[in-house]
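Report on the structure given below.
Protein chains in written order, with our numbering: chain A, 6 to 568; chain B, 2 to 185.
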């Protein structure tokens, strides 16, 4: 007979059985037995010690987004668990597969307001795909198997396991078996063959089709299938913020980014197309603007793996439920080869207009303060568009999403749904751990940087070779932009007094440099990229920079301000 | 509120702790007020059945039911309007014995409302009336106006669909078949 092991050791062995080799975590009282077990598995599991539990979860998200694997975070009960909440909510809105394991007080203390007790399952139910309290060591293997199955199948998302202390300590006959089925959970809905026929018929009749590519394409690893679909019928496409990098930036049918700060052509053409084909995206209001004025002229086809998304925001004429890896090729097979030369050519004058009015000045200014766009473009060029882009939230996010270029999928890590300032630094740490062979460029503002700046300690201790670029305008730039445009220039609390970031970086032993003139910029970028060590580059950019184009919130998608 | 329709939502779930919270937060997000709620084990061991009524519009209720159905521990959720259902609620009324006797209309009222008497003491009489909301409400009104009601309680709605389709058993059969394929 096998020897019994503790619930904590069972957890480690279950994680290893699920293929986990990396955990982002932070120890504390009620998770100590598990950290003690982790000590025995240093060879199998690389534990990255973060500086705050929010950082652990964002790092796990960054890891998941670039690697396509489940990110794992390990935290303690009470404040450790509540600190993790922002990351969990972020992963839920952006469909990121995570397993977050938190310590919990012993079962005998549950409900007594014991030290560091919080009702984590109760708190996280609206924010997770599944949350479960492990109360006995016997349940560990079952719960881990189920958690990994749920987190990564269907539309991915975060799972929380609330691990009571006695379940960590008690002994169990360990046996791990992968979960392949949960009776009450259908990861991929059945596809009605009629919807595939109807979609193909509508697309075959289209004169002016437009495809919208979302993160579902990347999550479904269906980039190739989507490109075959687009090419067969020559359908121009645009990407959502989270869909970026699903198509290469220079792909001829890629017409750019959708949304509030997206490209002019696809946003305007949304209200001109006759068939709108949404693939793995959810018609968020940052993409659609006023729904009553959104693509009213078009027939709408919506492909999604989550049937609750079909009709949630936009009522499709045809909703094709299923995995886009299967449904898109099924439609492609029924498509006639087609050309839409005139329609496609119509995007070009708009792209040129955007270039002349916005892009040229933003990326190649001849004088004045440094602009955010030129920094992003120089760095994208210097990495030959091969790097992973991680962003924080705000102007830095929109500018880098607009001007960074991509060659490969899984190259864009950003907080799209929740818009979490402070996401960038820890997410970049996770991205680098998840793709160590790739260059990871992180763009932040001075505001977001300071929300999780403590993770510089993680960069130092684990020598995470990320390239951190702070676009420093000493402002909360996006809020300032809105105050200028919509709040009568009343700049309420959007100016920041900042510390000497270079000294701060140096305090952590990180190579750091501040750039204040355009002339210094290329040299500083070359220095940053010369090796694989962590680097902090502070670029003082114009204090009153604006992100254009802009569709003001709640207005029609084609109501685009160019400056 | 009254311009909206009363929908009956039926939810079949695994028998797990915390299911009620998972369901109620979905209503809470949209500030939908649950009118009645009834929870009990279903005909199939290990599966619980929730019957929830809520005033809303069809568009909202479709989205809400999809979002409930999407939860991992929910087996099936669907909604009906009253015309598609046979439904009942049960109500208990406690009245003062002496006042009831003084009223002189006990037999007539019991016949008219099809009342059952569950208990009778010197102090009080407890009536039971089963029916639609309007029926139990009418009795409540009459008792209140005549003898007075000391205590009153009404259950949540329970309901059975009239349609030919037996959603849960059909669904479980499909699921079991899928399981066999997936686990091969």
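Backbone N, C-alpha and C define an ideal beta-carbon position, used for all residues, glycine too.
Leaving out five residues before and five after residue i in sequence, what residues of the same chain have Cβ atoms less than 6 Å from its Cβ?
{"i": "residue 213 of chain A", "result": "278, 279 and 348"}
{"i": "residue 367 of chain A", "result": "376 and 378"}
{"i": "residue 546 of chain A", "result": "375, 377, 476 and 478"}
{"i": "residue 78 of chain B", "result": "12, 66, 69 and 70"}
{"i": "residue 258 of chain A", "result": "235, 241 and 242"}
{"i": "residue 219 of chain A", "result": "245, 248, 285 and 286"}
{"i": "residue 299 of chain A", "result": "293 and 562"}
{"i": "residue 33 of chain A", "result": "81 and 85"}
{"i": "residue 141 of chain A", "result": "172"}
{"i": "residue 304 of chain A", "result": "207, 280 and 322"}
Within its chain, find whatever has a CB closer than 7 Å to the CB of residue i; leave out the 5 residues flanking it on each side and keep chain order.
{"i": "residue 567 of chain A", "result": "362, 363, 553 and 554"}
{"i": "residue 66 of chain A", "result": "76, 92, 95, 96, 101, 103, 432 and 435"}
{"i": "residue 392 of chain A", "result": "443, 444, 445 and 446"}
{"i": "residue 529 of chain A", "result": "518, 520 and 542"}
Whose C-beta lies closer than 8 Å to the C-beta of residue i among residues of the same chain, with five residues either side of it excluded?
{"i": "residue 228 of chain A", "result": "222, 251, 252 and 414"}
{"i": "residue 201 of chain A", "result": "325, 332, 335, 336 and 339"}
Mind listing the chain B neighbours of residue i? Cutoff is C-beta to C-beta under 8 Å, in chain order.
{"i": "residue 311 of chain A", "result": "71"}
{"i": "residue 157 of chain A", "result": "Going along chain B, no residue has its Cβ under 8 Å from residue 157 of chain A, so there is no contact; the nearest lies around 13 Å."}
Express the C-alpha separation of residue j and residue i in angstroms, rounding to a whole number.
{"i": "residue 205 of chain A", "j": "residue 336 of chain A", "result": "6 Å"}
{"i": "residue 461 of chain A", "j": "residue 32 of chain B", "result": "42 Å"}
{"i": "residue 504 of chain A", "j": "residue 476 of chain A", "result": "14 Å"}
{"i": "residue 7 of chain A", "j": "residue 155 of chain B", "result": "56 Å"}
{"i": "residue 112 of chain B", "j": "residue 98 of chain B", "result": "18 Å"}
{"i": "residue 86 of chain B", "j": "residue 161 of chain B", "result": "6 Å"}
{"i": "residue 60 of chain A", "j": "residue 447 of chain A", "result": "15 Å"}
{"i": "residue 85 of chain A", "j": "residue 132 of chain B", "result": "51 Å"}
{"i": "residue 43 of chain A", "j": "residue 88 of chain B", "result": "56 Å"}
{"i": "residue 106 of chain B", "j": "residue 318 of chain A", "result": "58 Å"}
{"i": "residue 471 of chain A", "j": "residue 387 of chain A", "result": "15 Å"}
{"i": "residue 390 of chain A", "j": "residue 117 of chain A", "result": "55 Å"}
{"i": "residue 346 of chain A", "j": "residue 353 of chain A", "result": "11 Å"}
{"i": "residue 412 of chain A", "j": "residue 301 of chain A", "result": "34 Å"}
{"i": "residue 16 of chain B", "j": "residue 151 of chain A", "result": "16 Å"}
{"i": "residue 138 of chain A", "j": "residue 113 of chain A", "result": "14 Å"}
{"i": "residue 535 of chain A", "j": "residue 99 of chain A", "result": "33 Å"}
{"i": "residue 489 of chain A", "j": "residue 495 of chain A", "result": "7 Å"}
{"i": "residue 549 of chain A", "j": "residue 497 of chain A", "result": "14 Å"}
Look up residue i in the DSSP assignment and say whether it is helix, strand or coil.
{"i": "residue 367 of chain A", "result": "helix"}
{"i": "residue 333 of chain A", "result": "helix"}
{"i": "residue 515 of chain A", "result": "coil"}
{"i": "residue 46 of chain B", "result": "coil"}
{"i": "residue 346 of chain A", "result": "helix"}
{"i": "residue 184 of chain A", "result": "coil"}
{"i": "residue 128 of chain B", "result": "strand"}
{"i": "residue 431 of chain A", "result": "helix"}
{"i": "residue 154 of chain B", "result": "strand"}
{"i": "residue 452 of chain A", "result": "helix"}
{"i": "residue 162 of chain B", "result": "strand"}
{"i": "residue 251 of chain A", "result": "coil"}
{"i": "residue 171 of chain A", "result": "helix"}
{"i": "residue 545 of chain A", "result": "strand"}
{"i": "residue 172 of chain B", "result": "helix"}
{"i": "residue 372 of chain A", "result": "coil"}
{"i": "residue 3 of chain B", "result": "At residue 3 of chain B, the pLDDT of 48 sits below 50, so the modelled position is not reliable; the number obtained from the coordinates is stated separately. Here residue 3 of chain B sits in coil by DSSP."}
Given that residue i touches chain A, what residues does it touch there, using C-beta distances under 8 Å?
{"i": "residue 15 of chain B", "result": "188 and 189"}
{"i": "residue 34 of chain B", "result": "Chain A residues near residue 34 of chain B: none, gap ~18 Å exceeds 8 Å."}
Starting from the beta carbon of residue i, find every residue of chain B whose beta carbon is closer than 9 Å, and list them in chain order.
{"i": "residue 147 of chain A", "result": "Ordered by position in chain B, no residue passes the 9 Å Cβ test against residue 147 of chain A, which lies about 13 Å from the chain."}
{"i": "residue 135 of chain A", "result": "72, 73 and 74"}
{"i": "residue 521 of chain A", "result": "In chain order: nothing, as chain B lies at least about 47 Å away."}
Determine the chain B residues that contact residue i at a beta-carbon separation under 7 Å, and present them in chain order.
{"i": "residue 317 of chain A", "result": "64"}
List the residues of chain A that residue i touches, going by C-beta distances under 9 Å, in chain order.
{"i": "residue 19 of chain B", "result": "126, 127, 130, 136, 137 and 138"}
At a CB-CB cut-off below 7 Å, which residues of chain A make contact with residue i?
{"i": "residue 67 of chain B", "result": "312 and 313"}
{"i": "residue 23 of chain B", "result": "130"}
{"i": "residue 176 of chain B", "result": "188"}
{"i": "residue 26 of chain B", "result": "130 and 131"}
*Can you check the stretch 196-249 of chain A for any alpha helix (DSSP H) of at least 4 residues that lies completely inside it and give the ranges in chain order?*
198-209, 220-224 and 228-238
*asked:* I'd like the ranges of any beta strand (DSSP E) spanning at least 3 consecutive residues and lying wholly in the stretch 253-289 of chain A.
replied: 259-262 and 280-284
*Which parts of the stretch 14-98 of chain B are runs of the beta strand (DSSP E), unbroken and 3 residues or longer, counting only runs that do not cross its ends?*
35-42, 48-57, 75-81 and 86-97
*Just list the alpha helix (DSSP H) runs in the stretch 80-126 of chain A, keeping only unbroken ones of 4 residues or longer that don't cross its boundaries, in chain order.*
84-98
*Which parts of the stretch 283-322 of chain A are runs of the alpha helix (DSSP H), unbroken and 4 residues or longer, counting only runs that do not cross its ends?*
290-293
*asked:* Quick check for students: name the residue ranges of the alpha helix (DSSP H) that lie wholly in the stretch 27-67 of chain A, counting only runs of 4 or more.
replied: 37-43
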